[in-house]
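When you number the sequence shown by our numbering, it's gap-free, plus one each residue, and the end is 345.
All residues carry an ideal CB built from backbone N, CA and C; glycine is no exception.
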Amino acid sequence: MNFPDIVGQSVLIERLKRIIQSQRIGHAYLFVGPEGIGKKTVSNIFVRGLLCRSQGHRPCDLCRSCRQFNSGNHPDVYRITRENKQSIGVDQIRSMLESIQLKPYESARKVFIIEEAHTMTVQAQNALLKTLEEPPGFSVLILLAEKPQGLLPTVLSRCQLFRMQRLTKGEVCSVISRHFALPEDKAMLFASLSDGIPGKGLQLAGSKEFNDIRDEVLSFLEKIPGLSDTDRMGYRELFMKYKDKIDVIMDVMVLWFRDIVAYKEIRSHNFIVNIDKFSLLKEQSSLFTIKRLMNAIEKIEEGRRMLRGNANYQITIENLLLSL
Numbered sequence: 022m023n024f025p026d027i028v029g030q031s032v033l034i035e036r037l038k039r040i041i042q043s044q045r046i047g048h049a050y051l052f053v054g055p056e057g058i059g060k061k062t063v064s065n066i067f068v069r070g071l072l073c074r075s076q077g078h079r080p081c082d083l084c085r086s087c088r089q090f091n092s093g094n095h096p097d098v099y100r101i102t103r104e105n106k107q108s109i110g111v112d113q114i115r116s117m118l119e120s121i122q123l124k125p126y127e128s129a130r131k132v133f134i135i136e137e138a139h140t141m142t143v144q145a146q147n148a149l150l151k152t153l154e155e156p157p158g159f160s161v162l163i164l165l166a167e168k169p170q171g172l173l174p175t176v177l178s179r180c181q182l183f184r185m186q187r188l189t190k191g192e193v194c195s196v197i198s199r200h201f202a203l204p205e206d207k208a209m210l211f212a213s214l215s216d217g218i219p220g221k222g223l224q225l226a227g228s229k230e231f232n233d234i235r236d237e238v239l240s241f242l243e244k245i246p247g248l249s250d251t252d253r254m255g256y257r258e259l260f261m262k263y264k265d266k267i268d269v270i271m272d273v274m275v276l277w278f279r280d281i282v283a284y285k286e287i288r289s290h291n292f293i294v295n296i297d298k299f300s301l302l303k304e305q306s307s308l309f310t311i312k313r314l315m316n317a318i319e320k321i322e323e324g325r326r327m328l329r330g331n332a333n334y335q336i337t338i339e340n341l342l343l344s345l
């Protein structure tokens, strides 16, 4: 994959190409964005470009350096990861700092990529500071982080910041269509649930479990208008069964209710995401008022916020079921 293959991020890509072309290389770069946004993909292209021997504005993918990087065997590229731990520890950073002082083997530069840099402990970040302040001229640090708040201000201030932007629904749909042979309406459904994150859209598109979850959730939502409180409580098992997928469940629910609102207001399928369920959606629209639909969406989002704040899962779900 190369720069022209990246969907979206056009402003960022142009900045990276100018850096490579000018060869005015900084000593530390920070790529920030949610998981699945493409930080690793874009930064890998950038690093290949920095080390590429063709000296163009993007990696050639033909020279020895590019081939070594693509095979995962470049002698002047080092990766620091959590290694199945909760955080990147100070010992890992100290080990990296020993290597950073040694001259490159083949290239003009040595590149150190710290993945999930926001998980570095405070001690690890403090150990990194001296190198950020006085780096060897041939070294380049690449930090990848989901959010800058996880890094010390002193670390942030010494890095050039690149923010990865969320994609439009159409852009995510385009990414999905490159990887999966799906009908356009299905690809658009996954794009709508992706929150602008292509990695999330691809994960959903390739997941049979998602289709199972969606079918079960929509089966429940179809019955809501006629359910008693006791019957609603019977659906706790659905939410317990997919506890680790609660965000997906809530996304499906919100999108369903929004589709009904859209249909009630414009009486058209043009803005409907769940287009494969249009007949059911149309039927359901007569059973809900706009006020009830908006209240349901609000309650779902309120439940999501509570769960992210570590509220009791079962109690939160029970309250949600009774409020729909």
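If the five residues before and after Met141 are omitted, its C-beta is found closer than 6 Å to the C-beta atoms of Ile109, all from its own chain and listed in chain order. Annotated as distal: Phe52 and Phe260, with beta-carbon spacing of 8 Å or more. Taking the Cβ atoms as the reference, Ala138 lies roughly 16 Å from Arg115, outside the contact range of under 8 Å. The DSSP assignment places 60-72 as complete runs of the alpha helix (DSSP H) inside the stretch 52-79, in order along the chain (cut-off: 4 residues). Per DSSP, reduced to three states, the secondary structure at Met141 is strand. Rounded to the nearest whole angstrom, the CA to CA distance from Arg235 to Val269 is 9 Å. When DSSP states are grouped into helix, strand and coil, Ile293 belongs to the coil group. Of Ile293, Tyr284, Ser289 and Asn295, the smallest CA-CA separation from Leu308 is found for Tyr284. For Arg69, the closest of Gly324, Leu341 and Val132 by C-alpha to C-alpha distance is Val132.
Within the same chain, His78 come within 6 Å of Gln42 by CB-CB distance, once the 5 residues on both sides are set aside. In this structure the stretch 240-256 does not lie against the stretch 206-225, because fewer than three pairs of beta carbons, one per stretch, are closer than 8 Å.
Its chain contains Ile234 and Ile270 as the residues whose beta carbon lies nearer than 7 Å to that of Tyr263, once the 5 sequence neighbours on both sides are disregarded; these appear in chain order. The stretch 158-176 and the stretch 121-130 touch, with three or more beta-carbon pairs separated by less than 8 Å. Taking a cut-off of 8 Å for Cβ pairs, the stretch 314-328 and the stretch 291-298 do not touch, as fewer than three such pairs fall below it.
Every candidate beta strand (DSSP E) stretch fails here, since none sits fully inside the stretch 202-287 while reaching 3 residues.
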